[in-house]
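Per mature numbering (1 follows the signal peptide of the UniProt record, and there is no 0), the sequence shown runs over residues -21 to -1, 1 to 296. All remarks here apply to the structure that follows.
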Amino acid sequence: MKNHLLIGIIVLLILPLSACGVDAHATKVDGHAIYAVNVQATKATDNGDWTVHGTTKAPNNAKIIVTSADEDDDFFGELGGEATNDLASWATVHDGKFSVNVDPINVAYRAKYQAGDKCRIQIFAITDYHKPWTDSTIAKNIATKAVDKFDSTTLSLTSSQAEYFNSLDSNKNDDKKHKDKSSSNKADSSDNDESDAESESTSNDETTESSSSSKTPTEYTSALNKAENYATEMDMSKARLYAQLISASGEQFSEAAADYALSHLKGVNWNKNALAKAKSYQNEMDMAPAAIRDQLTSRAGEQFTQAQADYAMTHLQ
């Protein structure tokens, strides 16, 4: 009887110890441990992002992943988060807490934004994840596992966010119209009204640039201007754009300036850039679909992600 009692006590002592060795907040996928997060506060920022604060059981330095929570979304697997205190880098866990900036464009792109639009995102922590921040996607099976295991977070666009993002497309259209108008009227030097408008625009630009340059290094703003040109005029991928900015045979900007440029680059739809490149290869070079896909994802080619190439090939006609 005493022996049975002793065995029972030992079993009761072992069970709690075993339970303590299992982290109920984590699940394994592809050699990584992914952890749920508890979102505690969100706030819209001046540049259109959300800043999200929360807690997690993930260990220190685990990376925070943000992506769309809709598996049918073209942007599912696209990454939309960065550190709040070190732009163009991973947000990480410290003492069970995290803060991450979330870019609505990367997790819920819309042709037109409206105040109150709902954006359902998946935020989770991951360990042993060594890809650079510039690699803009995560494997879909990892994202799917997070969606299956953890709760998602729904954020709403404010009126100022909607106005800001809509203005990006408006500014692009205005710039294009301005360029077209300037080009068509080059020979007409008697058009004083347009000349005055251009003068006023230039003056405003210089004022803005002067104000901005007092806060931001000139190299950084120059890198951002180049990045905007490469992304919008040449339909580059994020990875190729970054490489072009820092390349010794390219723009020769510092990595810090290139990081700044990418973190402040807004209104770019990388999927649509990939599609534009695919159409160019199809229509201008008569390339076969398989060859186009290889060119889109090749490290010696366009350097789009597999997900972006998938989007391009699916929408290529």
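From the three backbone atoms N, C-alpha and C, an ideal C-beta is built for every residue, glycine too. As the structure is a prediction and not an experimental result, all values here were calculated from the model.
Closest residue to residue i among the options (Cα-Cα distance)
i	options	result
asparagine 64	Glu57, Leu58 and Val72	Val72
proline 268	Ala235, Ala70, Thr293 and Ser139	Thr293
lysine 91	Asp107, Ser146, Lys42 and Glu207	Ser146
aspartate 238	Gln223, Met266, Lys251 and Trp249	Gln223
lysine 245	Ala206, Gln231 and Tyr108	Ala206
isoleucine 13	Gly75, Ala104, Gln93 and Thr133	Ala104
asparagine 40	Ser78, Tyr88 and Ala20	Ser78
alanine 48	Thr133, Ala70 and Tyr88	Thr133
glycine 95	Glu281, Val8, Lys128 and Ser135	Ser135
isoleucine 44	Lys97, Asp51 and Lys119	Lys119
valine 16	Ala37, Thr24, Asp25 and Asn26	Ala37
threonine 137	Asn26, His109 and Val247	Asn26
glutamate 212	Ala141, Val247 and Pro196	Val247
histidine 32	Asp51, Glu50 and Ala70	Ala70
alanine 141	Gln93, Lys97 and Glu230	Gln93
phenylalanine 234	Ala67, Lys42, Asp74 and His4	Position check: residue 234 holds glutamate in this sequence, whereas phenylalanine was assumed. If we check each option's Cα against that of glutamate 234, Ala67 comes out closest.
phenylalanine 232	Asn262, Pro196 and Met264	Pro196
Residue i: first and last residue of the uninterrupted alpha helix (DSSP H) it sits in
i	result
glutamine 285	285 to 294
valine 86	83 to 86
isoleucine 271	268 to 276
lysine 205	197 to 212
lysine 217	217 to 225
serine 233	Where serine 233 is concerned, there is no enclosing alpha helix (DSSP H), given that its DSSP letter is neither H nor E.
alanine 255	249 to 264
Integer Cβ distance of residue i from residue j, believed to fall under 8 angstroms
i	j	result
glutamate 57	valine 86	7 angstroms
alanine 279	aspartate 214	With 8 angstroms as the limit, alanine 279 and aspartate 214 do not qualify as a contact, their Cβ atoms being about 17 angstroms apart.
lysine 110	threonine 6	Lysine 110 to threonine 6, Cβ: 19 angstroms. No contact.
serine 139	alanine 227	Between alanine 227 and serine 139 the Cβ distance is about 41 angstroms, and since that is not below 8 angstroms, they are no contact.
isoleucine 84	phenylalanine 144	7 angstroms
valine 126	glutamate 230	Wrong, their Cβ atoms sit about 38 angstroms apart, outside the cutoff.
Sheet register partners of residue i (DSSP bridge)
i	result
tyrosine 14	Ala5 and Ala104
arginine 99	Thr133
valine 31	Thr21 and Val79
glutamate 61	Asn80
isoleucine 117	Partner(s): none; isoleucine 117 has no beta bridge.
histidine 73	Lys76
Contacting residues, own chain, Cβ-Cβ under 6 angstroms from residue i (five flanking each side not counted)
i	result
leucine 203	Ala240 and His243
alanine 286	Gly56 and Thr116
alanine 236	Glu198, Tyr199 and Ala202
asparagine 80	Asp28, Thr30, Glu61 and Thr63
leucine 295	Ala257
alanine 122	Thr46 and Gly56
glutamine 282	Ser216, Ala218 and Arg219
valine 8	Ile121 and Lys124
lysine 76	Thr34
Contacting residues, own chain, Cβ-Cβ under 8 angstroms from residue i (five flanking each side not counted)
i	result
serine 182	Below a pLDDT of 50, predicted positions are generally treated as unreliable, and serine 182, at 45, falls in that range; the measurement from the model is reported next regardless. For serine 182, where only same-chain residues beyond five positions count, there are no Cβ hits under 8 angstroms.
glycine 10	Asp107
Contact set for residue i: own chain, Cβ-Cβ below 7 angstroms, skip 5 residues either direction
i	result
aspartate 82	Asp28 and Gly59
serine 178	With a pLDDT of 45 at serine 178, under the threshold of 50, the modelled position of that residue is not reliable, and no figure is offered here.
tyrosine 209	Met215, Leu220 and Gln223
lysine 217	Thr113, Ser115, Leu241 and Trp249
aspartate 53	Asn250 and Tyr290
alanine 288	Ala253, Arg272, Leu275 and Thr276
serine 131	Ala48, Arg99, Ile100 and Gln101
tyrosine 260	Met266, Ile271 and Gln274
threonine 284	Ser115 and Thr116
lysine 97	Thr133 and Ser135
Extent of the continuous beta strand (DSSP E) run through residue i
i	result
lysine 91	Note, lysine 91: premise wrong, no beta strand (DSSP E); not H, not E.
serine 47	42 to 47
Residue i beta carbon near the ligand ZN (any heavy atom closer than 7 angstroms)
i	result
lysine 194	In terms of ligand content, the structure shown is empty, and the ligand ZN therefore cannot be addressed.
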